[in-house]
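The sequence shown begins at 0 in numbering that gives the first Met the number 0 and counts up one residue at a time. A virtual CB, placed ideally from N, CA and C, is assigned to each residue, including glycine.
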Amino acid sequence: MGADESQESVPTVNVRLWRADAVVLFDRLMSTDLNAVPITHPAQKQALADLLSRFEWACDVDITDSTATEIAAAQEEVAKDMGW
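In structure tokens form, the structure reads like this:
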């Protein structure tokens, strides 16, 4: 069984994100040293790495190629409705 076949048997979930959230999360993950993130279990670091990988693999190119101006605009958009 190849790697692709074994991945097909793994249960998955679909998450719909507001585009601005996706831009902010992708930027954060790209700029984070995952070795420096506090974790209580190695799976937490792996899950963050998997999330980054899925962003790179599955997201529109416009998200992964966001400019600094687009990232700043997305951060403003997300932050304006925080409510806390």
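**Study point:** Residue from W56, V12, D20, R15 whose Cα sits closest to the Cα of V141
**Key:** Any question about residue 141 goes unanswered here, given that the chain covers just 0 to 83.
**Study point:** R18 - DSSP class collapsed to helix/strand/coil
**Key:** Helix, per DSSP.
Check your understanding: What's the gap between the Cα of T63 and the Cα of F25?
Key -> T63 and F25: Cα-Cα distance of roughly 7 Å.
Check your understanding: Which residues mark the beginning and the end of the alpha helix (DSSP H) in which I70 is found?
Key -> Counting along the chain, the unbroken alpha helix (DSSP H) around I70 starts and ends at 67-78.
**Study point:** At least three beta-carbon pairs within less than 8 Å, the segment 24-38 to the segment 61-75
**Key:** Between the segment 24-38 and the segment 61-75, the count of Cβ pairs shorter than 8 Å is three or higher; the stretches touch.
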